[in-house]
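Since the structure comes first, as C-alpha cells, the remarks are kept for the end.
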Amino acid sequence: MAVTESLIAAVVSLLVGGMALYAGARVVAGINDYSHAVVTALIAAVVWAVVATLVGGVPLLGPVLVLGAYLSVVRWRYGLGWVDSAVLAVVAWIAGYAILIALATAGILSPSAVGVPGI
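In terms of numbering that gives the first Met the number 0, the sequence shown has 33 at position 34, counting the first letter as 1, and numbering is strictly consecutive.
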C-alpha cells in the first residue's frame with residue numbers, strides 16, 4: 000500500500016508542478032499547453048536531480064549550476080531568453096506554492112511539487 004500511495008503522491012506532485020509551469024508559461028509567454036508544461040516539469044525535475052547530484056554540493060557554484068540547468072530546460076522547452084525563462088520560473092514558483100498551500104489546507108496533499116525547485 001505504501002508504494003501505491005508514494006506513486007500517487009509523485010504523480011499528483013508532477014501534475015501540480017506542471018500546473019505551476021503552465022501558469023508561468025501562460026503569464027510570461029502566452030503559451031496555453033498543459034501537457035507541454037507537465038513534460039517540461041518532468042524533464043526539469045530529472046535534470047535538477049542529476050545536476051544536483053553531480054555538482055550540488057560544491058559551495059556557491061553548485062547551486063548556481065543547478066539553477067542554471069533548470070533555467071536551461073525552461074529556456075529550451077519554451078524558446079525563451081534567459082530573463083523570460085527566469086521570470087517564468089519565478090511565476091511558476093509562486094503559482095506552485097499557492098496551489099500546494101491550497102491543497103495542504105484542504106488536507107489533500109503534503110506541500111511538495113515535482114518540476115518546480117524549492118517547493
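Where a beta carbon is used, it is the ideal one built from N, C-alpha and C, also for glycine.
Taking 8 Å as the threshold (C-beta atoms), are residue j and residue i in contact?
i   : j   : result
V11 : L99 : no
V26 : V82 : no
A51 : V65 : yes
Whole-angstrom Cβ separation of residue i and residue j, contact assumed at under 8 Å?
i   : j    : result
Y77 : P116 : With a Cβ gap of about 16 Å, Y77 and P116 do not count as contacting.
G17 : Y33  : 6 Å
A28 : L79  : 6 Å
Let me make sure I understand the geometry here. Which of the options has the alpha-carbon closest to that of residue i?
i   : options             : result
L41 : N31, V73, A22       : V73
I30 : L64, S84, V45, T52  : S84
W75 : V26, A51, T3, A43   : A43
A92 : A8, I7, A19, S5     : The identity of residue 92 in the sequence shown is Trp, whereas the question assumes Ala. Of A8, I7, A19, S5, the residue nearest in Cα terms is A19.
Y21 : A103, V86, L108     : V86
T39 : L13, L53, V49, I107 : L13
A36 : A1, A9, A88         : A88
With residue i as the anchor, note down where its alpha helix (DSSP H) starts and where it stops.
i    : result
L108 : Looking at the DSSP string, L108 is not in any alpha helix (DSSP H), and its letter there is neither H nor E.
L120 : Because the chain spans 0 through 118 in this model, residue 120 falls outside it and cannot be assessed.
V11  : 1 to 28
V38  : 33 to 54
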